[in-house]
Amino acid sequence: MSRKLESNCVSCQLPCLGRSCPYYEVEVVNCDVCGEEAEYEIDGEDYCKDCAEKYLKECFDDLSIREKADCLDICLSDI
């Protein structure tokens with residue numbers, strides 16, 4: 005998991021509030037695959053949109069036709 009605390013100061017021109025300012029320390033989460041800003045957590049790993057989509061597609065492609073139909077709630081029967 006690629007999470008760290010960073011200062012996110014917005015230079016508001018007001019006297020600094022230090023640690024009481026909501027922007028003093030902000031958790032930044034980066035994708036564990038490519039390092040871009042993460043939007044999703046899947047099975048304990050952080051993913052950006054593109055990497056999450058790629059990972060889920062790979063998982064879906066590994067399923068059998070019957071398992072894919074079950075995931076999509078599609079009625080599938082043998083002919």
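Heads up: the sequence shown begins at 5 in the numbering used here, then just goes up one per residue.
Just so it is clear, CB atoms sit at the ideal spot from N, CA and C, and this is done for glycine as well.
- [ ] Return yes when the Cβ of Cys-52 is within less than 7 Å of the Cβ of Glu-62, no when it is not.
- [x] no
Task: 7 Å Cβ cutoff met for Arg-7 and Val-33 - done: yes
Open item on the list: Going by DSSP, what residue range makes up the beta strand (DSSP E) through Asp-50?
Closed with: 49-51
Open item on the list: In whole angstroms, give me the CA-to-CA distance for Ser-24 and Phe-64.
Closed with: 45 Å
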